[in-house]
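Asks:
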Amino acid sequence: MTERVFSGVLDLGGVQAIVDALRQSARFAIVERIDAIDFPPPQTEPINVGEWPKGRIFDEPFELRWEQAGQEYRVVVAGEGDLSAAISGLNEPELQLGVDELSSYYCWNETNPRLGRTLNYRCVPGRGDVKLTVREYRDDHGRLVFWRYFTMERDGGKQ
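Following this line, the structure appears as structure tokens:
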């Protein structure tokens, strides 16, 4: 399938509608504000965009990301397949996505004292450190032109 990317600026209600439409299909979420970060399981916990000015919900088929700018939100929806429930009010810009590859990155350890807070990757069950897999798209010169979060998993090691 072909990856499609949609973007635009929406109000709070527009972003909340997309989150509500997609969250049942997403296993992973990362939401942030100046004083907190959370990793709620979106299939079982509602996400209130008004409380989280920046966030992502994602799984293998798609990613939704948003970030508040004043009273509006910059929104990107990317993925494969039918995204019609999530793209109302968004545009599909010309974006030449070249070769894609999956790369995995370890996330911060949940109890790393350098963070000044404890993380709880609640949307990633199991034991061990958490890895984030990202689908990266590069142009003909190898430059990164777009990426989206793909999955998260634990490596099975000690917690």
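Under the working numbering, the first residue of the sequence shown is numbered 2, with each subsequent residue one higher.
We put the CB at the ideal spot given by N, CA and C, even for glycine.
1) Within 10 Å of its beta-carbon, does A87 have 16 or more other beta-carbons around it, so buried, or fewer, so exposed?
2) Excluding the five sequence neighbours on either side, which residues of its own chain have a C-beta within less than 7 Å of the C-beta of E137, listed in chain order?
3) What number of angstroms, rounded off, separates the C-alpha of Q160 from the C-alpha of I48?
4) Let me know the secondary structure DSSP gives E102 once reduced to three states.
5) Relative to the alpha-carbon of S26, which residue among N92, P94, I58 and G71 has its alpha-carbon at the smallest distance?
6) Could you compute how far the alpha carbon of A22 sits from the alpha carbon of R115?
7) Which value, in whole angstroms, describes the spacing of the CA atoms of N113 and V76?
8) For S89, which of helix, strand or coil comes out of DSSP?
Replies: The answer reads as follows:
1) One-based indexing of the sequence shown puts residue 87 at position 86. By the 16-neighbour rule on beta-carbons within 10 angstroms, A87 is buried.
2) By one-based count along the sequence shown, residue 137 stands at place 136. Excluding positions up to five away in sequence, the list reads D101, E102, S104, L145 and W148.
3) Taking the first residue of the sequence shown as position 1, residue 160 is located at position 159. Taking the first residue of the sequence shown as position 1, residue 48 is located at position 47. Any answer about Q160 is weak, because its pLDDT of 48 lies below 50 and its placement is not dependable; what the coordinates show is given next. Spanning the alpha carbons of Q160 and I48 requires a straight line of approximately 26 Å.
4) Along the sequence shown, one-based indexing puts residue 102 at 101. Strand.
5) Working through the sequence shown from its first residue, we reach residue 26 at position 25. Checking every option, the nearest Cα to that of S26 belongs to I58.
6) To locate residue 22, count along the sequence shown from 1; it is residue 21. To locate residue 115, count along the sequence shown from 1; it is residue 114. Each residue's alpha carbon lies about 36 Å from the other.
7) Here residue 113 refers to the residue found at position 112 when the sequence shown is read from its first residue. Here residue 76 refers to the residue found at position 75 when the sequence shown is read from its first residue. When rounded, the distance between both Cα atoms is 31 Å.
8) As a first step, residue 89 is located in the sequence shown; it is residue number 88 there, counting from the start. Note: S89 maps to coil in three-state DSSP.
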